[in-house]
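For what it's worth, the working numbering labels the leading residue of the sequence shown as 328, then goes sequentially.
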Amino acid sequence: MTNSKRKNAFFILKAFLGLFLMAFGLEAFAEAPEPPDFTSLTEAVDFSTVKTALMAIMAALAAVFIVSRGGSMILRKIGGR
Numbered sequence: 328m329t330n331s332k333r334k335n336a337f338f339i340l341k342a343f344l345g346l347f348l349m350a351f352g353l354e355a356f357a358e359a360p361e362p363p364d365f366t367s368l369t370e371a372v373d374f375s376t377v378k379t380a381l382m383a384i385m386a387a388l389a390a391v392f393i394v395s396r397g398g399s400m401i402l403r404k405i406g407g408r
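Structure representation (structure tokens):
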């Protein structure tokens, strides 16, 4: 078997293996589980007032800021700067 035939055979083997793994890997996602139920958390809050809506928006912005700042701190630690 020549070198080019060996490379072609290896490529075909990898392609079939990839298709096999993809086909059986997708089967695991065929039946999605139920999403989490947050009604017990959201029942106590009345979202009909403007104050509550503004507080929810500010909390979401604060969460984005905190995640961004934490991510940059972690990247600085990894990078050594």
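All residues carry an ideal CB built from backbone N, CA and C; glycine is no exception.
Please report the residue range of the alpha helix (DSSP H) in which Ser-367 lies. Residue numbering aside, residue 367 sits at position 40 when the sequence shown is read from its first letter. For Ser-367, the enclosing alpha helix (DSSP H) stretches over residues 366–369.
Straight-line CA distance for Leu-368 to Leu-344? The count along the sequence shown starts at 1 and reaches residue 368 at position 41. The count along the sequence shown starts at 1 and reaches residue 344 at position 17. Take the alpha-carbon of Leu-368 and the one of Leu-344: they are about 46 Å apart.
Could you check what DSSP says for Phe-337 in three-state terms: helix, strand or coil? What you label residue 337 is simply residue 10 of the sequence shown in a count that begins at 1. Helix.
Between Val-372 and Thr-379, how many whole angstroms is the CB-CB distance? I'm expecting something under 8 Å. For the purposes of this step, residue 372 is identified with residue 45 of the sequence shown, where counting begins at 1. For the purposes of this step, residue 379 is identified with residue 52 of the sequence shown, where counting begins at 1. Confirmed, Cβ separation roughly 7 Å.
Report the rounded CA-to-CA distance for Lys-332 versus Phe-351, giving the unit in angstroms. Looking up residue 332 in the sequence shown gives position 5. Looking up residue 351 in the sequence shown gives position 24. Lys-332 and Phe-351: Cα-Cα distance of roughly 29 Å.
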